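**Student:**
Numbering (this note's numbering), first residue to last: 1049 to 1263.
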């Protein structure tokens, strides 16, 4: 399902690109420009070993200002819903909200319309969910590095695609959670670091599409 979703997005980009009969002179991202972007992602998978069904979706609006040619800084919000279930266990549902800042650099032009960027983000994280018998509530922060591309269909409108989550570090403070007088989860800190340099694999695993407007 993830691969089909990613290939559908690439097909959309190709069709839109083919429909452009008149090539614009250039598509610059210049100092003083403002960008507004909205990203969505969805995946639905089945674990081959456990048989568990895993589905998730993410909504990720952004707004940024170019303080230099090809350099942007801005605000980043996201909401992610993850659900895992099978026939033998309880349903595991997690909701994650993040809010923070991002720094983006457009470092490669593929032709005149494709702009490849790297993006470093720092976010406040609020997470809640888990199994009914093991609910988790946590807050903390994360730092992540992503790769993405914008394809300009017009000089001020682009299709966005997140290629990869290259690296992510997250630190969470888990709250003690009670149901009545029963302690469900204990207070404590958790830290995690994920690094994946296999861009081709991430190309399908973390497909997010959207639209960006430049002003």
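Built from N, CA and C at the ideal position, the CB exists for glycine as well.
Just so you know, these numbers come straight off a predicted model, no measurement behind them.
Identify whether residue 1218 lies in helix, strand or coil by the three-state DSSP scheme.
**Tutor:** If DSSP states are grouped into helix, strand and coil, residue 1218 belongs with the strands.
**Student:** When you compare only the Cα positions, how much space is there between residue 1150 and residue 1192?
**Tutor:** Their Cα atoms are separated by approximately 9 Å.
**Student:** What whole-angstrom Cβ distance do residue 1132 and residue 1175 have, given they're in contact under 8 Å?
**Tutor:** Not a contact, Cβ separation roughly 15 Å.
**Student:** The ligand GDP and residue 1242: does the residue's C-beta get closer than 7 Å to at least one heavy atom of that ligand?
**Tutor:** The model on display carries no ligand, and the ligand GDP is accordingly not part of it.
**Student:** When you compare the CB positions of residue 1173 and residue 1130, do they come within less than 8 Å of one another, or not?
**Tutor:** In this structure, residue 1130 does not lie closer than 8 Å to residue 1173 by Cβ.
**Student:** Closest to residue 1256 by CA distance: which of 1236, 1243, 1210 and 1164 is it?
**Tutor:** If we check each option's Cα against that of residue 1256, 1210 comes out closest.
**Student:** Look at the alpha carbon of residue 1069 and the alpha carbon of residue 1184, and state the distance between them as a whole number of angstroms.
**Tutor:** Its pLDDT being 44, under 50, residue 1069 is placed unreliably by the model, and nothing is read from it.
**Student:** In whole angstroms, what is the alpha-carbon distance linking residue 1108 and residue 1260?
**Tutor:** Looking at the two C-alpha atoms, the distance is approximately 12 Å.
**Student:** Measure the CB-CB distance between residue 991 and residue 1085 and report whether it falls below 8 Å.
**Tutor:** Shown here, the chain extends from 1049 to 1263; a query on residue 991 therefore has no answer.
**Student:** Kindly identify the DSSP beta-bridge partner or partners of residue 1076.
**Tutor:** Beta-bridge pairing links residue 1076 to no other residue.
**Student:** By Cβ distance, which residues of its chain are closer than 6 Å to residue 1123, with the 5 residues on each side in sequence left out?
**Tutor:** Closer than 6 Å at the Cβ level, and outside the excluded window around residue 1123, lie 1111.
**Student:** Does the Cβ of residue 1089 have 16 or more other Cβ atoms within 10 Å, making it buried, or fewer, making it exposed?
**Tutor:** Buried, because 16 or more other Cβ atoms sit within 10 Å of the Cβ of residue 1089.
**Student:** Give me the Cβ distance between residue 1119 and residue 1161, rounded to the nearest whole Å; I'm assuming they're in contact under 8 Å.
**Tutor:** Actually they are not in contact, since the Cβ atoms of residue 1119 and residue 1161 sit about 20 Å apart, beyond 8 Å.
**Student:** Does the distance from the CB of residue 1156 to the CB of residue 1114 come in under 8 Å?
**Tutor:** No.
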